[in-house]
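Undergrad: Protein chains in written order, with the working numbering: chain A, 4 to 575; chain Z, 26 to 667. This is the structure I have questions about; it appears just below.
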């Protein structure tokens, strides 16, 4: 499902006399209509594609009307490309300021999956503007945010740009009663580890296995146990799903069987009913029961399918390796597990993910492993991944340990030459260059690996670690928890330093700080670069524990596979 | 001093510490490019002792008989006068031209070791100074000082320093250790009204210096003395340390308003204190706002997002206006047009991000620099510094009463005035300079961006001004600069072209010292060639498979020898090879070969279960004997297949 389907599906478009829909990435389909409307993201490539169509029409002497609607906003460079291609006069442009798509009661997505690669890999700042405008929009809808926290460069820039926009527009939203009391912005690169772990919460597992697109999933024939695949919207309206989405997978099956027994019992009630009761039952309850029945069978099917896939891929073994990576034990064993994983060509994405996880948790691979794993990978999946590795190195997902040390040597030499202040700056610069992960130190500082005696009770979780089978508390969520608890960054200096800084905490003086207000309990968590369902589940859990409500604004829903895919250099 | 060398540049300068050299004089026969501008006629007069310039840019030629000939700037004879009979009889030993508040004066040391002065040559009044007791040989050095209508002579004789005024001669300092050196130093260093010691510096050089001049430091408002020996230059100030330079050839020092010119036969250097703006910007690892802005602009030119980082750095400190002013100011002090341009470009770039930055300073600097660059051209040859420039541009400064000064004033100080209003009797270098400046300065266009600003830069500025500047995407092309070769290499169809492109990538990787990538690329070239052979030999597609898949396919097709060859050639790790061979054989159902293989070498990974897993357990294995190797941790579900 695409974002457009959520807003205006094909039938609505047809009602508005849309003749046919084409995808922009495929070659232009021949059409006889004399009007084209392009609804596109502002991308150079797309502009060239449009220009090609226009120019081809010009060559064949056909005259059409062309309209380009940029979403979420028009970029000057796009117009320039149109100008370069000589079609600027032939098209009319428009903007559709589409920033926010509510996927669920508490999830708002900007549907910008390209944000991650554009910003973190290519260093392209264009989407920051979009984020700032999205914040502006939220601000105008729900009143000013009382307190803003954030960490990460992008978060800081977005926040500042938003403040600037706010000042420029001089909106009269001031003095309104705020509905969202707190906002927390976070860059994805603050916590890659969480995004790289295999998800074991039901919603996350469904996303990992079937790919949830825009809040809906395509269940294939193996789930539906028919020869058709079914599109299912996954949100709070789905009564079955809303009860299991945040559960650890191990408890889902039990829940579903319980549910089916309940359902059966309700069906069974009709026995011994008189006519009137029966009429009532059919007219009022049966429909709901039928619906529930259908959903239940779908989710059971999905569970079975997941089980089948996960046992096939040595899922348990992989989870074990992941957990030991997170804890930092048996690193040698995990390394050889990854090596075997690559050798057996299990899955290019999975192998890459494990390599990255190893690198990040170990603060870079030791040179020998770095070389050998990469060689193995290239042998398995082809040399074009040399570029993939280059990308991963740039974002700091897959690095070599020695690199950091040589940098330090240069650093100390340079800093001898210059003043103290400049030396500090240079150290910072080198730090950001090397993008050290420092995961181990942060993990110790924040206690991300819960120490439990005996079995971790996944059915009755005590902390957010349950989203990773009790092995690891998601770093991103832990930071949010800590900051909200302390109402600032005080006491977290060490963590902030390890995360490379750029933290901020601002309280809006124009907003009255009234703790009795309901808004104080509402927190908008903004993930720049995407957030995973595991994180959402963890924060929902936290919200339940603390009696507050989290609302999520993310550039896109992501998971480990999406992240890796965005790093892979496509085979041309 | 004899008639001037035809090629030698001669600079005359007002020697008093506060004065400056305005119109440089030409005594050279011709300009470097050969246009004759002024030629001193064949010298037919007597022996020349000293040349000098008056405040009104006239040339004074002092002969040994005391006659002083005056020429104008273009070497046309004006008049002459004599320094009196006494001088005529005793001849001139040494002469000095000096400047007072009335005008230019001439001081003469006669052969009888007496001094004669004329404090103003336009209103000639000769004065004979009293005798210096015991002066039997010329003083080791002497100087004329003038203040408050009193003109005095300071001279060093032996170990003593004398002060000579209209009526008497008195000893000021005695027991100079190095009479020549120290005497000279004090003679120049001391303000005449209160003879206080300005500084004392002991140089390690034994010989007396050739020349000593003041070096003014406009920034720190302190003075220093530049002392020249034959091959050494020393800058001495109020400290025990000094700065030393080596002179490559015989040089002559000319003190100026903001520094010292060092002229030699082949070079012309300018020694001055580095202005603060330039220092801030060009200091190593400087984090001054101007330096960051310059860096930001450079990155912007390279289309790198770092530009934004630098800009943010400045903006965060709210120093952007300072940064722009700093860049504009520093541009003025630069002599290289390229550096000037890059600084101004940075300033104009920075200006885009400030709401209301007054444009005057920028426009004015552009105009000034254009004029300065024009007159600095070797054909004009007036290398004024930016600090000296306003003094000659602004008539109110008064000093610029010489024709050179007026020329520039006419050319630019009033751009609103009709162009080239000033008329000149003949083509003079000054006028040329003024015209050049004038030409590029359209009247009434003061507020416009400079016309000769590079078109590209203007375009960029325009781009930057657009409000969606941050939205302009980064072209993919330059992001991957040096990877580019390889990306290309992976797509084209033709193998030769691909190998060539890969070879390029390989070279680049070596250059970048990325050994790993280089090795990988090398392997890929090897693999591509091999795959082509395989494709030809077996008539099956092998190209573009990974190494693993290539070997695996070879085994599937039963080419075990070839597979073995690749295994050795590419040093495939044993584990991988066993894995792929067993799975490929199992997939093929080639149990005989599998058995053969099992006997060849001990497997690092175990056998059968994996074979079943790989082969999907579809075909039962006929040889139960192989079971022995099945490893206990093999997966459940496989165990009962057998």
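C-beta atoms are modelled at their ideal positions from N, C-alpha and C, and glycine is treated no differently.
Taking the beta carbon of residue 285 of chain A as the centre, do at least 16 other beta carbons fall within 10 Å, making it buried, or is it exposed?
TA: Its Cβ having fewer than 16 others within 10 Å, residue 285 of chain A is exposed.
Undergrad: Can you pull the chain D neighbours of residue 542 of chain Z, defined as C-beta to C-beta under 7 angstroms?
TA: Protein chains in the displayed structure are A and Z, and chain D is not among them.
Undergrad: Return the residue from the list A:33, A:265, A:214 that minimises the CA-CA distance to residue 305 of chain A.
TA: Ranking A:33, A:265, A:214 by Cα distance to residue 305 of chain A puts A:214 first.
Undergrad: Alpha carbon to alpha carbon, how far is residue 6 of chain A from residue 114 of chain A?
TA: Answer to the nearest angstrom: the Cα atoms are 7 angstroms apart.
Undergrad: Please classify residue 255 of chain A: does DSSP put it in a helix, a strand, or coil?
TA: Residue 255 of chain A falls in the helix class under three-state DSSP.
Undergrad: Contact between the stretch 83-96 of chain Z and the stretch 105-113 of chain Z is defined here as three or more beta-carbon pairs at a separation below 8 angstroms; is this criterion met?
TA: Yes, since at least three Cβ pairs between the stretch 83-96 of chain Z and the stretch 105-113 of chain Z fall closer than 8 angstroms, the two stretches touch.
Undergrad: Are any of the Cβ atoms in chain A nearer than 8 angstroms to that of residue 532 of chain Z?
TA: No, because no Cβ of chain A sits closer than 8 angstroms to the Cβ of residue 532 of chain Z.
Undergrad: Could you tell me if residue 473 of chain Z is buried or exposed, where buried requires 16 or more neighbouring beta carbons within 10 angstroms of its beta carbon?
TA: Low confidence applies here, because residue 473 of chain Z scores a pLDDT of 33, under 50, leaving its location unreliable and the question unanswered by this model.
Undergrad: Quick check on the DSSP output: what are the complete alpha helix (DSSP H) runs of length 4 or more inside the stretch 548-594 of chain Z, in order along the chain?
TA: Complete alpha helix (DSSP H) runs here, min 4: 572-581, 585-594.
Undergrad: Under 7 angstroms between beta-carbons, which chain A residues line up against residue 573 of chain Z? List them in chain order, please.
TA: Within chain A, the residues near residue 573 of chain Z are 348, 382, 383.
Undergrad: Would you kindly check if the distance between the Cβ of residue 103 of chain A and the Cβ of residue 42 of chain A is under 8 angstroms?
TA: It is not a contact, given that the beta carbons lie outside the stated cut-off.
Undergrad: Taking the Cβ atom as the reference point for each residue, do residue 240 of chain Z and residue 300 of chain Z lie within a distance shorter than 8 angstroms?
TA: No. Outside cutoff.
Undergrad: Can you name the start and end residues of the alpha helix (DSSP H) that residue 320 of chain Z belongs to?
TA: Unbroken alpha helix (DSSP H) run through residue 320 of chain Z: 314-326.
Undergrad: Could you say which of Z:405, Z:402, Z:403, Z:397 lies nearest to residue 414 of chain Z if we only look at CA atoms?
TA: That would be Z:397, whose Cα lies nearest to the Cα of residue 414 of chain Z.
Undergrad: Based on Cα-Cα distance, which residue from Z:367, Z:377, Z:353 lies nearest to residue 389 of chain Z?
TA: Selected option, being the one with the closest Cα: Z:353.
Undergrad: Compare the C-beta of residue 545 of chain Z against all C-beta atoms of chain A and say whether one is closer than 8 angstroms.
TA: Interface residue, yes.
Undergrad: Below 7 angstroms between beta carbons is the criterion; list the residues of the stretch 104-138 of chain A that meet it against any residue of chain Z, in chain order.
TA: Under the 7 angstroms Cβ criterion, the stretch 104-138 of chain A contributes 125, 126, 127, 128, 129, 131, 132.
Undergrad: Start and end of the beta strand (DSSP E) containing residue 84 of chain Z?
TA: Note, residue 84 of chain Z: beta strand (DSSP E), 84-88.
Undergrad: Do the stretch 309-319 of chain Z and the stretch 272-288 of chain Z make contact, defined as three or more Cβ pairs closer than 8 angstroms?
TA: In short, these stretches do not touch, since the Cβ pair count stays below three.
Undergrad: Which parts of the stretch 458-527 of chain A are runs of the beta strand (DSSP E), unbroken and 3 residues or longer, counting only runs that do not cross its ends?
TA: Complete beta strand (DSSP E) runs here, min 3: 506-510.
Undergrad: Hey, is the stretch 176-193 of chain A in contact with the stretch 459-469 of chain A, meaning 3+ C-beta pairs nearer than 8 angstroms?
TA: Output reads no: the stretch 459-469 of chain A does not touch the stretch 176-193 of chain A.
Undergrad: Of the residues that make up the stretch 323-352 of chain Z, which ones have a beta carbon closer than 7 angstroms to any beta carbon in chain A?
TA: Taking 7 angstroms as the Cβ-Cβ cut-off against chain A, the residues of the stretch 323-352 of chain Z that qualify are 330, 333.
Undergrad: Got a sec: is the Cβ-Cβ distance from residue 374 of chain A to anything in chain Z below 8 angstroms?
TA: Yes, contact with chain Z.
Undergrad: Report buried or exposed for residue 606 of chain Z, applying the criterion of at least 16 other Cβ atoms within 10 angstroms of its Cβ.
TA: Under this definition residue 606 of chain Z is a buried residue.
Undergrad: Is the Cβ-Cβ distance between residue 220 of chain A and residue 209 of chain A less than 8 angstroms?
TA: The answer is yes: Cβ separation under 8 angstroms.
Undergrad: Nearest-angstrom Cα distance between residue 476 of chain Z and residue 306 of chain Z?
TA: With a pLDDT of only 33 at residue 476 of chain Z, under the threshold of 50, the placement of this residue in the model should not be trusted; the figure read from the coordinates follows. Taking the straight line joining both Cα atoms gives about 26 angstroms.
Undergrad: Between residue 597 of chain Z and chain A, is the shortest Cβ-Cβ distance under 8 angstroms, so that the two count as touching?
TA: Yes, its Cβ sits closer than 8 angstroms to a Cβ of chain A.
Undergrad: Apply the 10 Å Cβ neighbour rule to residue 597 of chain Z and answer buried if 16 or more other Cβ atoms are within range, or exposed otherwise.
TA: Burial call: buried.
Undergrad: I'd like to confirm the pairing. Which residues does DSSP put opposite residue 48 of chain A in its beta bridges?
TA: Its beta-bridge partners do not exist; DSSP assigns none.
Undergrad: Beta-carbon separation of residue 182 of chain Z and residue 157 of chain Z under 8 angstroms?
TA: Yes, they are a contact pair.
Undergrad: CB-CB under 8 angstroms to residue 601 of chain Z, same chain, minus the five flanking residues each way: which ones, in chain order?
TA: Cβ neighbours of residue 601 of chain Z beyond the five flanking positions: 573.
Undergrad: Give a yes or no on whether the C-beta atoms belonging to residue 299 of chain A and residue 266 of chain A are separated by under 8 angstroms.
TA: Contact flag set, yes.
Undergrad: With a threshold of 8 angstroms between beta-carbons, can residue 600 of chain Z be considered close to chain A, or not?
TA: By this cut-off, residue 600 of chain Z is an interface position.
Undergrad: For residue 89 of chain A, is the classification buried or exposed, using 16 other Cβ atoms within 10 angstroms of its Cβ as the cut-off for buried?
TA: Answer is exposed; the Cβ neighbour count stays below 16.
Undergrad: Taking its Cβ as the centre, do 16 or more other Cβ atoms sit within 10 Å of residue 195 of chain A, making it buried, or is it exposed?
TA: Burial call: buried.
Undergrad: Is residue 260 of chain A near residue 462 of chain A, with beta carbons less than 8 angstroms apart?
TA: Against a cut-off of 8 angstroms, the Cβ pair of residue 462 of chain A and residue 260 of chain A comes out as no contact.
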